[in-house]
Amino acid sequence: MTSEESKASGLYVCQDEAVAAAAPYVSSGYVSRRPSTWRDWFAVGPLDFRQYFYLIAMHGFGCMVLSGAANFGVACAMYRTDNGHKITVWAFKDNTIAGDMGVTIIIQQLITTIISTAMTHFDLRHGMKPLRRPWPPMMHFPSNPTPNGSWLGTKMPSVVREKGLAPLYMGNAEGKSRFVAIILWFLRATSTGSERNVFYQRGITFRQRIERLAWTALQGLWLAVLSFWWYWPIAIAIVAPIFEHKDMRGSWAPPLIKLIFGGVLGLLTNPYIALASLGAESSVRRVYPNAPGLPGEEQEEDVTTQLFSSTPTEPHVLQEVKTGQ
Numbered sequence: 001m002t003s004e005e006s007k008a009s010g011l012y013v014c015q016d017e018a019v020a021a022a023a024p025y026v027s028s029g030y031v032s033r034r035p036s037t038w039r040d041w042f043a044v045g046p047l048d049f050r051q052y053f054y055l056i057a058m059h060g061f062g063c064m065v066l067s068g069a070a071n072f073g074v075a076c077a078m079y080r081t082d083n084g085h086k087i088t089v090w091a092f093k094d095n096t097i098a099g100d101m102g103v104t105i106i107i108q109q110l111i112t113t114i115i116s117t118a119m120t121h122f123d124l125r126h127g128m129k130p131l132r133r134p135w136p137p138m139m140h141f142p143s144n145p146t147p148n149g150s151w152l153g154t155k156m157p158s159v160v161r162e163k164g165l166a167p168l169y170m171g172n173a174e175g176k177s178r179f180v181a182i183i184l185w186f187l188r189a190t191s192t193g194s195e196r197n198v199f200y201q202r203g204i205t206f207r208q209r210i211e212r213l214a215w216t217a218l219q220g221l222w223l224a225v226l227s228f229w230w231y232w233p234i235a236i237a238i239v240a241p242i243f244e245h246k247d248m249r250g251s252w253a254p255p256l257i258k259l260i261f262g263g264v265l266g267l268l269t270n271p272y273i274a275l276a277s278l279g280a281e282s283s284v285r286r287v288y289p290n291a292p293g294l295p296g297e298e299q300e301e302d303v304t305t306q307l308f309s310s311t312p313t314e315p316h317v318l319q320e321v322k323t324g325q
């Protein structure tokens, strides 16, 4: 994409005005007036073979192998050395498997989110096609916590004032309390992919890189919070009946438990992270500028019709956007 095209589409970080946290693009933060339906959550396609292979084989089974191997190595270092402590399921005074699995959920999803979003956005700039509309379908959620803009949102208050944009449209938070608006903004900010995950992008400052890294880490932590309540109990329900009253010291059980748990965690989590990056607002806008959920959409038109009629723009739009040009 040329500098003129990037400016026309807003896919760049403005260099001559105040920029919000993690350096969002000028065009980021569009709020749709069309609410999403359950159908929108499940209708992520149509996907071509390459996208299926990318999500299932590379980000699914590929991540399962890598995550399982990494966890197995860590477990061998932790549990295959005789430090005199028992290895049990529950006792925190010993080496506890239950506690280990709980920590694994948090640490692995934080690291996986940082790595997977970076890889997916890199691939999007080198030939991988995005989804045909933003996903998760949360474009009707507010992109700023307040209608006057915010450093944590996509528009700074000073920019909103200078350009006469206030009050910003708040989507499904219109007419709601400030607390509800903040909650809805937080859900969109932490659950959707964006250019704010691309900490290696050229043309941004060192501070903005750190902000993007922190932003992505926060998304990983939020994903861990959302998924902890079912990953951990199910894993414990499987492991506890078998090993609850055993001292696993000196056995291969702890490394194998961590291998399987880490592998399954990667298999189930990583495709979602990659899918959110493929469905990021900026990713979709680059190739399908009139996709449902974006400013060019026809609100009354059937979503499925738009999905199958949307055609990508020229191949050069897949090249990396040079910010500030």
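Using UniProt numbering, the first residue of the sequence shown is number 1, and each one after it goes up by one.
The beta-carbon is built from N, C-alpha and C at its ideal position, and this holds for glycine as well.
Run of the alpha helix (DSSP H) containing residue i, from where it starts to where it stops
i: residue 290; result: That residue, residue 290, is in no alpha helix (DSSP H); it is neither H nor E in DSSP.
i: residue 100; result: 97-124
i: residue 258; result: 253-278
i: residue 157; result: 157-162
i: residue 40; result: 38-42
i: residue 211; result: 206-243
i: residue 185; result: 178-191
i: residue 65; result: 63-79
Contacts around residue i, its chain only, beta-carbon distance under 6 Å, and the 5 residues preceding and following it disregarded
i: residue 280; result: 193 and 194
i: residue 67; result: 262, 263 and 266
i: residue 235; result: 101 and 261
i: residue 59; result: 270, 271 and 274
i: residue 89; result: 97, 98, 240, 243 and 244
i: residue 134; result: 279, 281, 284 and 293
i: residue 298; result: Any answer about residue 298 is weak, because its pLDDT of 46 lies below 50 and its placement is not dependable; what the coordinates show is given next. Excluding sequence neighbours, residue 298 sits near nothing in its chain.
i: residue 147; result: 167, 168 and 170
Between the CA atoms of residue j and residue i - distance to the nearest angstrom
i: residue 129; j: residue 287; result: 8 Å
i: residue 300; j: residue 284; result: Confidence in residue 300 is poor, its pLDDT being 36 and thus under 50, which makes the residue's placement unreliable; the coordinate value appears in the next sentence. Their Cα atoms are separated by approximately 20 Å.
i: residue 76; j: residue 293; result: 48 Å
i: residue 46; j: residue 132; result: 8 Å
i: residue 122; j: residue 165; result: 33 Å
i: residue 18; j: residue 62; result: 41 Å
i: residue 304; j: residue 119; result: Reliability fails at residue 304, whose pLDDT of 32 lies under 50, so the model's placement of it is uncertain and the value that follows must be treated cautiously. Straight-line Cα distance between these residues: approximately 29 Å.
i: residue 230; j: residue 206; result: 38 Å
i: residue 340; j: residue 290; result: Residue 340 cannot be examined here, being either before or after the span of the chain that is shown, 1 to 325.
i: residue 80; j: residue 223; result: 31 Å
i: residue 259; j: residue 251; result: 14 Å
i: residue 302; j: residue 48; result: Confidence at residue 302 is low in this model, with a pLDDT of 37, below 50, so its placement is unreliable and no value can be given for it.
i: residue 156; j: residue 15; result: 13 Å
i: residue 20; j: residue 254; result: 45 Å
i: residue 161; j: residue 169; result: 14 Å
i: residue 64; j: residue 32; result: 36 Å
i: residue 54; j: residue 124; result: 11 Å
i: residue 218; j: residue 145; result: 17 Å
Own chain partners of residue i with C-beta closer than 8 Å, once the 5 adjacent residues on each side are dropped
i: residue 172; result: 35, 140, 141, 142 and 184
i: residue 228; result: 102, 105 and 106
i: residue 382; result: It is not possible to answer for residue 382, since the shown part of the chain is limited to 1 through 325.
i: residue 187; result: 138 and 141
i: residue 180; result: 173
i: residue 71; result: 104, 108, 258, 259, 261, 262 and 263
Nonlocal neighbours in the same chain, by C-beta distance under 7 Å from residue i, ignoring five residues either side
i: residue 52; result: none
Inset, instruction - Flag this pair as touching only if the region 101-109 and the region 259-279 have three or more C-beta atom pairs under 8 Å; answer yes or no. - result: yes
Legend entry - Given 8 Å, three or more beta-carbon pairs between the region 12-32 and the region 187-207: yes
Inset, instruction - Quick one: which unbroken beta strand (DSSP E) runs of 3-plus residues sit fully inside the region 11-58? Chain order, please. - result: none
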